[in-house]
């Protein structure tokens with residue numbers, strides 16, 4: 163079991179409150195991702211769950227038991243950090259075994275768990291190597307293996323991939339997601355990368371200044387962001403926002419439309435503009451369109467083989483059924 167409930171949890175450092183009163187439930191077996199910009203409180207929230215930070219007020223419940231004042235080692239959780247925190251003088255085998263030795267497990271039980279973890283993480287051939295002989299991705303897998311053998315009720319990941327290069331991050335992202343599918347254990351994952359959040363989570367918690375802006379599935383947040391902040395944070399490239407006359411005609415203070423929901427057309431379109439920078443990614447091209455009279459720059463996502471050059475005047479049709487409308491407080495109205 164790994165159901166985690168936060169009830170009216172707050173956190174202050176001195177006179178500064180970084181987490182206002184907050185309620186949140188992570189159900190057993192969910193893969194929840196805390197996402198938001200730097201300084202939004204996502205890592206602090208994770209550390210409150212882990213017990214590495216003391217709550218100023220409120221309760222942390224794990225499987226119905228109040229763990230607010232319980233030490234981290236007794237909460238039944240395993241945490242994987244941004245830094246691997248491996249012992250350089252120990253082999254992979256000994257690094258993975260370390261928490262089990264501290265818990266007093268027999269050598270036979272330790273070896274059984276080590277072999278199982280190594281096999282699931284493709285580390286079997288590296289058990290007798292030391293961390294300095296491994297790649298960054300392999301070292302992170304060792305850190306995950308050390309967490310697995312503790313049989314936790316939940317895994318807590320604090321930006322575990324941020325030290326890896328782009329290719330390794332994609333590979334490790336898939337491995338962690340696959341691990342969750344196999345183990346069905348609760349996982350809470352902190353990242354500032356909304357692409358990681360969208361591809362890994364079945365529940366996303368969007369935070370800003372310690373406040374939960376929205377909780378939902380990736381597609382719920384993509385299709386129905388509750389406010390301008392979530393709309394602008396979820397999606398890559400980010401949503402286009404348009405104010406003024408165009409928005410007023412639609413009964414909104416601001417309208418938003420995603421780059422992939424604007425079509426480049428040959429006939430006269432609803433909007434016109436001049437092509438600026440084009441970012442070619444192979445399957446897709448992102449065009450930055452100027453002089454539309456709508457906003458300073460309009461980003462349009464088009465198929466990679468669309469032939470447009472810098473300075474071309476083009477016509478655009480927004481898919482009106484996919485336009486998002488927000489009121490003057492930035493809250494969703496349609």
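Numbering (the numbering used here), first residue to last: 163 to 496. We put the CB at the ideal spot given by N, CA and C, even for glycine.
- Taking residue 242 as the centre and dropping the five residues before and after it, the same chain places the C-beta of 305, 306, 309, 319, 322 closer than 6 Å to its C-beta, in chain order.
- Residue 314 is positioned such that its CB atom lies no closer than 9 Å to that of residue 268.
- Short of 7 Å from the beta carbon of residue 181, and not among the five residues preceding or following it, lie these beta carbons of its own chain, in chain order: 171, 172, 173, 203, 206, 207, 372.
- One Cα belongs to residue 411, the other to residue 433, and the distance between them is close to 14 Å.
- Per DSSP, the unbroken alpha helix (DSSP H) holding residue 342 starts and ends at 328-345.
- For residue 295, DSSP assigns no beta-bridge partner whatsoever.
- According to the DSSP assignment, residue 188 belongs to the beta strand (DSSP E) that extends over 178-188.
- Here residue 421 is buried: its Cβ has 16 or more other Cβ atoms, across all protein chains shown, within 10 Å.
- Under the criterion of beta carbons closer than 8 Å, residue 301 and residue 253 do not qualify as touching, at roughly 13 Å.
- If you look at residue 377, you'll find it in the beta strand (DSSP E) that goes 373-378.
- A direct Cα-Cα distance of roughly 22 Å separates residue 294 from residue 262.
- Residue 312 sits in coil when the DSSP states are folded into three classes, being neither helix nor strand.
- Residue 196 holds the alpha-carbon nearest to the alpha-carbon of residue 351 among 187, 196, 447.
- The closest CA to that of residue 361, considering only 370, 375, 348, 384, is found on 384.
- A straight-line Cα-Cα distance of about 12 Å links residue 435 and residue 427.
- Of the candidates 177, 193, 387, the residue whose Cα lies closest to the Cα of residue 484 is 387.
- Judged by DSSP in its simplified three-state form, residue 404 adopts strand.
- By the neighbour-count criterion, in which 16 or more other beta carbons inside 10 Å mark a residue as buried, residue 369 falls on the buried side.
- Taking a contact as a CB-CB distance under 8 Å, the pair residue 258 and residue 311 counts as one, their CB atoms being some 6 Å apart.
- In the DSSP annotation of this structure, the continuous segment of the beta strand (DSSP E) that includes residue 480 starts and ends at 475-480.
- Note on geometry: alpha-carbon atoms of residue 169 and residue 211 lie some 11 Å from one another.
- Nearest to residue 477 by alpha-carbon distance, out of 270, 455, 303, is 455.
- In the DSSP annotation of this structure, the continuous segment of the alpha helix (DSSP H) that includes residue 258 starts and ends at 254-265.
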